[in-house]
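Taken in order, the sequence shown gives residues 73 to 574; the numbers are from our numbering.
We treat Cβ as the ideally placed atom computed from N, Cα and C, and that holds for glycine.
These notes concern the structure reproduced below.
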Amino acid sequence: MKPFYITTPIYYINAAPHIGHAYTTIAADVLARTLRLQGRPVHLLTGTDEHGLKIEKAASAAKLSPREYADGVSAKFRELWKALDVLPDDFIRTTEPRHEETVRRAFAAMIESGDIYKGRYSGFYCVSDETFWTEKETLSGPGGGKLCPNPDCKRPLERVEEESYFFRLSTYGGKLLSHYESHPEFLAPSSRSSEMKNFVKAGLQDISVSRTKVRWGLPVPGDEAHTVYVWFDALLNYLAAAESKDASLWPPDVHVVGKEIYRFHAVVWPAMLMALGRELPGKVFAHGWWTVEGEKMSKSKGNFVDPLAVTGEFGVDAFRFFLFREMPFGQDGDFSLASMKRRYNADLANDLGNLVNRGCDMAARYLGGAIPEALPDGPLLDRAKFMAAGAAASAAIERLEFGAALHDLWTAIGGLNGWLNEKAPWTVAKTDPPKAAAVISELLWALRAIGCWIAPFMPGTSARIHERIGVPKAPWPRTPDEARPVSAGAVKKGEPLFPRKA
């Protein structure tokens, strides 16, 4: 069975890791964990993009060689994924031999096929974004200068005129539109597909794919006066990683990217693959941006959210949960510590944490700390309705609708809290201890399922719930029998899973 191949972008190392990087990669990790729980083979790729003029300049400013600079920053990304409980199957760097060899082969193959040709470039270049812009695309600046049209940049552009290699992107417009039409799932979410289709319909231009004034990059095969343009270089990481690990991985099932790089992944990348005669990915999904307190994140404002600072205050699982509970995946959202605290106290401390604490406390008091291996006769809870929440959440995650999945799960958690209040086993125990014990046993069974279902979002919390209720974790449960423990240990009282924040 072909592994389900999930990729995130390889992150450009000129920027410190921030909430945007965390958002993309945790989303991919949630999907990967869900599929693994269902017994499906998965391969999750991430990595770092390490070539280009910005890296040259940043390394020089730090009095380091480009390689020394890249080594240090790439290590920070690895450390971040470990700290955020992200489990990639592969981490690729564009300075690795396996990647460089793939880029050289691809570039040479496209020169031979005529898809890449030598010409002369005249236009504008943004050093910060490593992006070429035509005069028509630029913004007017002071003194007749030109500014980068990226709304998060708007820095002065350099006028560039030099010999360059070009990729014949213009010849692939019709093929791209045909692919979009025959594979409607390719551009996702659907709200972004019209933008890409209209961009292609407006006419594509050939794009420059080499530079002569950038030394920190891969030399063009057979013409070392040129280095491969960083974006052309970076996109080939997905192919390099697959070819170096397992040929059966190809093609990727889904690329998860931010909307700011959607055009590269939805237009340029598939055209490159067409030129190479390779099968296209199944889906390219672009999520939205995070603002901070209503403002865009930017270096000048100094308002980038450091994931490690947030997790230091609220915990890793709470941060992972918040990212997908707060807004639908694919849309823009706003981050604030106040909204983080509200979600933490309401959803985690009150709803989930309180439910687990009540269940464990009552099991210790009324069941002697033991959980029965069999479910009570005659379900006290509507088990079919309850299990449907897990099925709905699983399906939503596979559609990358993470917010919808958490909505389904928290509806089930809210329903359990309401059901427990209605059954009131603490009161029933005074007159009918066996009935009270049955209610508590049913609750513990439900908590085991909840512990499984939240694992992709909150793996640490999932493990703590299963440890507290004395049952082993299990694959994603789809039926009451699958959620029933095959062996049981002692139920443990303990500190609240999520102590309330004042």
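Item, Value
"Buried or exposed by the 16-neighbour rule on C-beta atoms within 10 Å, applied to P214", "exposed"
"Rounded straight-line distance, which links the Cα of L515 to that of L488", "8 Å"
"R283 beta carbon less than 9 Å from that of K331", "no"
"Nearest-angstrom Cα separation, counted from D404 out to L519", "33 Å"
"Rounded separation between G289 and F357 - CA only", "28 Å"
"Straight-line gap, Q277 to M182 (C-alpha atoms, nearest Å)", "17 Å"
"Coarse secondary structure for E173, derived from DSSP in three states", "helix"
"Bounding residues of the beta strand (DSSP E) (the contiguous stretch that carries C198)", "188-198"
"Residue environment, E296, which counts as buried when at least 16 other CB atoms sit within 10 Å", "exposed"
"Cβ contact (3+ pairs, closer than 8 Å) linking the region 254-261 and the region 340-359", "yes"
"For E207 and S132, the rounded distance between their alpha carbons", "30 Å"
"P451 versus K502: straight-line alpha-carbon distance, rounded", "21 Å"
"Segment contact, 8 Å Cβ cut-off, at least three pairs: the region 158-177 with the region 397-414", "no"
"Bridge partners - G119, DSSP secondary structure assignment", "I82, I164"
"9 Å Cβ cutoff met for P497 and M434", "yes"
"Expected contact under 8 Å - CB spacing of I485 and I522 to nearest Å", "6 Å"
"Cβ neighbours of G217 in the same chain (closer than 7 Å, five flanking residues each side left out)", "P228"
"Among A460, D201, G462, nearest to A87 - alpha-carbon criterion", "D201"
"Segment limits, alpha helix (DSSP H) that includes G486", "474-495"
"Enclosing alpha helix (DSSP H) for Y237 [first to last residue]", "Note, Y237: premise wrong, no alpha helix (DSSP H); beta strand (DSSP E) at 230-239."
"Given D454 as reference, the closest of S280, K74, F391, T551 once Cα atoms are compared", "T551"
"Three or more C-beta pairs below 8 Å linking the region 308-322 and the region 76-92", "yes"
"L321 classed as buried or exposed, judged by whether at least 16 other C-beta atoms fall within 10 angstroms", "buried"
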